[in-house]
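> If you scroll down you'll find the structure; I have some questions about it.
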Amino acid sequence: MVQAKLLDKVYRLMQMWKDGRLGGEVMPEDANPHLEKSSCENYLYFTLPMALNYQRNSYMLWKSALQTYQDKDTRFVFCPKHCLERTFSEVQAALTQYKVALQREKQTQNWLSLCDTFVSLFDGDIRKLFDLCGNDVDAIRNFMQVSNKKKFPYLSGTKICNYWLYVIYQYTDRVYQNMERLTVAPDTHVCKASRRLGIIDDAELASGNVQQIVIDRWQDLLQNTPLRPIDVHTPLWLWSRNGFPAL
15 MVQAKLLDKV
25 YRLMQMWKDG
35 RLGGEVMPED
45 ANPHLEKSSC
55 ENYLYFTLPM
65 ALNYQRNSYM
75 LWKSALQTYQ
85 DKDTRFVFCP
95 KHCLERTFSE
105 VQAALTQYKV
115 ALQREKQTQN
125 WLSLCDTFVS
135 LFDGDIRKLF
145 DLCGNDVDAI
155 RNFMQVSNKK
165 KFPYLSGTKI
175 CNYWLYVIYQ
185 YTDRVYQNME
195 RLTVAPDTHV
205 CKASRRLGII
215 DDAELASGNV
225 QQIVIDRWQD
235 LLQNTPLRPI
245 DVHTPLWLWS
255 RNGFPAL
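At position 226 of the sequence shown (counting the first as 1) the number is 240 in the numbering used here, and the numbers step up by one without a gap.
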């Protein structure tokens with residue numbers, strides 16, 4: 015009975031989103047240079063800034079990323095090999111010019127660490143990660159979050175890894191073998207929306223383990239339904255961002 019009531023709320027929320035009542039006509043990642051979907055450059059554009067998407071306005075992050083790409087003097091940061099040929103200070107200056115990096119030292123280092131990973135493991139081509147893992151969501155996450163976690167600073171995190179995989183699916187030509195294995199990306203908005211719906215309670219929202227709790231609850235709730243966990247991510251995010259209009 016409780017599950018049926020929760021699912022009814024979820025379907026109403028999904029309908030609000032489809033009807034355009036939650037906004038979202040323009041998403042943060044829509045700020046991009048519209049590169050060839052299958053190109054290495056396109057994959058890197060939607061990968062590197064993700065490692066800097068920490069407690070900040072996503073629209074501003076991707077606006078900054080686009081400005082950085084459009085400036086021929088700072089575009090080099092999107093090429094791992096070129097980044098590693100520059101000094102730390104040069105990369106830092108390029109990343110902070112349009113505020114892609116807000117934490118000058120830490121975020122520049124994270125960016126360079128990812129560049130080093132991409133060059134050392136994949137010759138600078140992040141597409142090879144997906145190929146290596148057979149486009150299997152679980153295999154990709156295991157490679158990044160278990161086998162090589164330290165090589166993927168922040169990108170391997172519980173929240174951002176799933177959302178990054180979703181963005182890659184949305185903005186590149188990548189097709190996964192098991193899309194249903196993508197979970198919600200439990201950022202602040204998604205966690206608050208999950209509480210608002212009654213998926214979690216107040217104590218769980220305040221828990222240090224709230225991200226995993228939210229992931230597990232959505233996977234359980236949506237079993238044997240037409241919805242995949244990642245399908246509800248954007249509606250939840252927009253619902254919270256817009257102050258929870260009545261369902």
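Glycine is no exception: its CB is placed at the ideal position from the N, C-alpha and C atoms.
Quick caveat, the model's predicted, so the values are computed rather than measured.
Under 9 Å, Cβ to Cβ, is there at least one residue of chain C near Phe90?
Among the protein chains of the structure shown there is no chain C, as only one such chain exists.
> So does the segment 93-100 actually touch the segment 161-173, counting three or more Cβ pairs closer than 8 Å?
Not touching, per the Cβ criterion.
> Run the CB neighbour count on Val105, radius 10 Å, all protein chains shown included, and call it buried at 16 or more, exposed below.
Counting from one through the sequence shown, the residue named residue 105 turns up at place 91. Burial call: buried.
> By Cβ distance, which residues of its chain are closer than 8 Å to Lys51, with the 5 residues on each side in sequence left out?
By one-based count along the sequence shown, residue 51 stands at place 37. Excluding residues within five positions, the ones whose Cβ falls inside 8 Å are Tyr185, Thr186, Asp187.
> Please name the residue in Gln237, Gln111, Val24, Leu62 whose C-alpha comes closest to that of Ile140.
The residue you call residue 140 lines up with position 126 of the sequence shown. Comparing Cα positions, the closest option is Leu62.
> Is the segment 250-261 in contact with the segment 197-212, if contact means three or more CB pairs nearer than 8 Å?
With the cut-off at 8 Å, the segment 250-261 and the segment 197-212 touch.
> Less than 9 Å separating the beta-carbons of Gln233 and Thr197?
Along the sequence shown, read from residue 1 onward, the residue named residue 233 stands at position 219. Along the sequence shown, read from residue 1 onward, the residue named residue 197 stands at position 183. Their beta carbons are under 9 Å apart, which means Gln233 touches Thr197 by this criterion.
> If I'm right that Asp230 touches Asn192 with Cβ under 8 Å, what's the distance once you round it to whole angstroms?
On the sequence shown, residue 230 is found 216 positions in, with the first residue counted as 1. On the sequence shown, residue 192 is found 178 positions in, with the first residue counted as 1. Asp230 to Asn192, Cβ: 18 Å. No contact.
> Quick check: the Cα distance between Ser78 and Cys147, rounded to an integer number of angstroms?
In the sequence shown, counting from the first residue as 1, residue 78 sits at position 64. In the sequence shown, counting from the first residue as 1, residue 147 sits at position 133. Each residue's alpha carbon lies about 31 Å from the other.
> Nearest to His203 by CA position, among Arg195, Val224, Ala217, is which residue?
The residue given as residue 203 occupies position 189 in the sequence shown. It is Val224.
> Which one of Ala199, Ser53, Ala108, Gln69 has the shortest CA to CA distance from Pro243?
In the sequence shown, residue 243 corresponds to position 229, counting from 1. Of Ala199, Ser53, Ala108, Gln69, the residue nearest in Cα terms is Ala199.
> May I have the straight-line CA-CA distance separating Gln84 from Ile214, to the nearest angstrom?
Within the sequence shown, numbered from 1, the residue matching residue 84 stands at position 70. Within the sequence shown, numbered from 1, the residue matching residue 214 stands at position 200. For Gln84 and Ile214, the distance between alpha carbons rounds to 42 Å.
> Taking Pro195 as the reference, give the member of Lys86, Thr131, Leu261, Leu179 with the closest Cα.
In the sequence shown, the residue the question calls residue 195 occupies position 181. The sequence shown places Arg at residue 195, not Pro. When only C-alpha atoms are compared, the closest one is Leu179.
> What three-state label does DSSP hand Leu116 in the structure shown?
Position 102 of the sequence shown holds residue 116. In the structure shown, Leu116 sits in coil (DSSP, three-state: anything other than H, G, I, E or B).
> Does Thr131 pass the burial test, meaning 16 or more other C-beta atoms within 10 Å, or should it be called exposed?
Here the question's residue 131 lines up with position 117 in the sequence shown. Buried is the call here.
> Does Ile229 come out as helix, strand or coil in the three-state DSSP assignment?
In the sequence shown, residue 229 corresponds to position 215, counting from 1. DSSP places Ile229 in helix when its eight states are reduced to three.
> Going by DSSP in three states, Met74 sits in which element: helix, strand or coil?
Against the sequence shown, residue 74 aligns to sequence position 60. Met74: helix per DSSP, three-state reduction.
> Would you mind working out which of Val114, Cys175, Pro47 sits nearest Ile154, comparing C-alpha positions?
Numbered from its first residue, the sequence shown carries residue 154 at position 140. Measuring from the Cα of Ile154, the nearest candidate turns out to be Cys175.
> DSSP three-state label for Cys238, please.
Numbered from its first residue, the sequence shown carries residue 238 at position 224. Checking the displayed sequence, the identity of residue 238 turns out to be Asn instead of Cys. Coil.
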